[in-house]
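Protein chains: 2
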Amino acid sequence: MGTISKALDLLNFFSRRTPEIGLGEFVRLSGRDKATVYRHLVELEANGFLEQDARSRAYRLGPAVLRLAGVREATHPVRSLLRPIVEQLARDTGELAHVSLLQGRMLSPICHYDPHLHGTRVNFNEAEMLPLHATSSGVAVLAFSPRGLLDKVLAGKLKAYSPHTITDPQTLTDTVRKAAAQGFSQMGRGFDEEVTSQAAPVFDTTGEAIGAISVALPMVRAEAGKLRTIAAELVAAANAASHLLGGSRPAVGQPALDRALLDRAAKP
Amino acid sequence: MGTISKALDLLNFFSRRTPEIGLGEFVRLSGRDKATVYRHLVELEANGFLEQDARSRAYRLGPAVLRLAGVREATHPVRSLLRPIVEQLARDTGELAHVSLLQGRMLSPICHYDPHLHGTRVNFNEAEMLPLHATSSGVAVLAFSPRGLLDKVLAGKLKAYSPHTITDPQTLTDTVRKAAAQGFSQMGRGFDEEVTSQAAPVFDTTGEAIGAISVALPMVRAEAGKLRTIAAELVAAANAASHLLGGSRPAVGQPALDRALLDRAAKP
DNA sequence: AAAGTCGGTTCATTATTTAAACCGACGGTA
DNA sequence: TACCGTCGGTTTAAATAATGAACCGACTTT
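The listed protein sequences correspond, in order, to chains A and B.
Read in order, the letters of the first sequence are residues 24 to 291 in the numbering used here.
Read in order, the letters of the second sequence are residues 24 to 291 in the numbering used here.
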């Protein structure tokens, strides 16, 4: 892990619940040496990725992230295009919806909306990266990505986020295949013990899944009929999203994964 | 300059006009070695700050900046609070308005709006950092910041962005003092030969200027009466912005700079 | 086919990062 | 008062990680 990654990793400790972090806490969270962390913080601050509160001396995310996000959205407006779709989907289903984009072997949530119609709500942390093997969004992306991605995920350890997380490679492959066949994915209790979710892939002009739209709800409200309704709205929303980005979903029944599996079977 | 800064600096080459940059162009722009730049790009990409176009192999800003911007806005919503004010100001004045936040010795634009009411328009690059000494926003911030900031700026070289940029320390001090006295700043042709702008400081709960709101217009439309009208609306908008952020403007006539100057005069 | 591109890789040299120990300031508590 | 732990921040020699000249193969232009 290079110096750059170590420094950038520090930024991932921020979340809605921990918007400010001091030197000591960064050291605790990262497990690295204090002087090292300090220098990284100083350098991040010098570049505007952090700013230090004058009073508490704690650090928070700086203006540079806003500026860069603005530049990206101005030239590649994925978030602003997809946000209305996500909000509409959340309102239509009455449950939390979100879009996450593929970033390496994880998913990066970029926008979410919760209509807050019920007493219990899904606890969604927009700062937290989502694993591919333990979330419906991840499975949806895996089902419509080049085979290399699934192979890479299978090659690594499938970390258990809950007792129900899929950790068996074969089970994951089957789950992904099923998602590829039906055009959307489902994952119960895989990431959070009390949450179930469904997701459908989003495509851009390259024809590959760049991320997924997902609806998540507490297990207590996960009734079969409701899930079917959500799935239908979800797929429609994801297709609309792909269309908006200039892409389109591959014909169901011939998803990338199936071709990949055939390729693999063909090679001795 | 540390490795982290070198890498993060690469991100600043993006702009509305150059949303994608290849390896070779990064090398040209940064003047650094190709292997070094490449490694930095790879590491930035691994952390989601860049993503590589599958076809062109060029890089663009990645989803991580969106995620981080979302986290910051969720916990420290400066941009989303100020955007409506900026848009209203732009509509009221009929000219381009923007907010920029202090980041070290530069300003980081975080949002702007142009009502496009005229044939000529100000060319505003949201990706470009603004210098303190050559922009009205910068002068506004200097006029309401602890004296250390002005000293730091005066200690460095005052780079000329145009033939009219203030490069003389005394002239800059006078300009800042005037801005401190009247509560807003004015800067003609200082950054762009064909643009004039006015700016007023924005304060948060700490009582120090965190940035400025500004209105910029082509010199050809810069008529005295219009500038006076704009200044009034500008100051009102900036005060509203400060109020929204929980801060308030210090009483005009006793700005921080005056105290600083007195302090300096007092010390032998 | 020669000479440009382009993105990406290699490896010895070197400079930067690293981590243990240290510092002074602060807040609570005997 | 003295003591204790914790805070943010600094210093050092030792070690790891960054560096850049040269190289590679693919692709275009001439």
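Even for Gly, the Cβ is constructed at its ideal location relative to N, Cα and C.
Since the structure is predicted, the reported quantities are computational estimates derived from the model, not experimental observations.
Note that the C-beta distance between B/Leu165 and B/Leu181 is not below 7 Å. Within the stretch 254 to 265 of chain A, no residue places its CB atom closer than 8 Å to a CB of chain B. At a cut-off of 7 Å between C-beta atoms, B/Phe37 counts as an interface residue with respect to chain A.
At a beta-carbon threshold of 7 Å, the residues of chain A lying near B/Asn70 are Ser28, Leu31, ordered along the chain. The stretch 74 to 87 of chain B and the stretch 65 to 81 of chain A do not touch, with fewer than three beta-carbon pairs separated by less than 8 Å.
Between the C-alpha atoms of A/His99 and B/Pro42 there is a straight-line separation of about 8 Å. In the three-state reduction of the DSSP assignment, A/Val225 falls in the strand class. Short of 8 Å from the beta carbon of B/Pro192, and not among the five residues preceding or following it, lie these beta carbons of its own chain, in chain order: Leu177, Leu181.
In the DSSP assignment, A/Met210 forms a beta bridge with A/Ser220.
In terms of Cα proximity to A/Thr252, the closest of A/Thr229, A/Ser265, A/Ser220 is A/Ser220. B/Tyr184 sits in coil when the DSSP states are folded into three classes, being neither helix nor strand. DSSP links B/Gly269 through a beta bridge to B/Asp227. Checking the DSSP bridge columns, you'll see B/Ile236 partnered with B/Val122, B/Ala223. Put simply, the CB of A/Glu217 is far from chain B, with every gap to its CB atoms at 7 Å or more. Our two residues, B/Gly171 and A/Gln75, have alpha carbons roughly 16 Å apart in a direct line. Within the stretch 133 to 193 of chain A, the complete alpha helix (DSSP H) segments of 4 residues or longer fall at 159 to 166, 170 to 178, listed in chain order.
B/Leu67 and A/Gln126 have their C-alpha atoms roughly 11 Å apart. Leaving aside the five residues that flank A/Leu31 on each side, none in its chain has a CB nearer than 7 Å to its CB. Taking C-beta separations shorter than 8 Å and ignoring five residues to either side along the sequence, the partners of A/Arg244 in its chain run Glu118, His141, Thr143, following chain order. Rounded to whole angstroms, B/Glu231 and A/Ser159 show a C-alpha spacing of 46 Å. With fewer than 16 other beta carbons inside 10 angstroms of its own, B/His139 counts as exposed.
Within the stretch 84 to 113 of chain B, Leu84, Gly85, Pro86, Ala87, Val88, Leu89, Arg90, Leu91, Ala92, Gly93, Val94, Arg95, Glu96, Ala97, Thr98, His99, Val101, Arg102 place their CB atoms closer than 9 Å to a CB of chain A, listed in sequence order. With respect to A/Val109, A/Val88 sits apart: the two C-beta atoms are not nearer than 7 Å.
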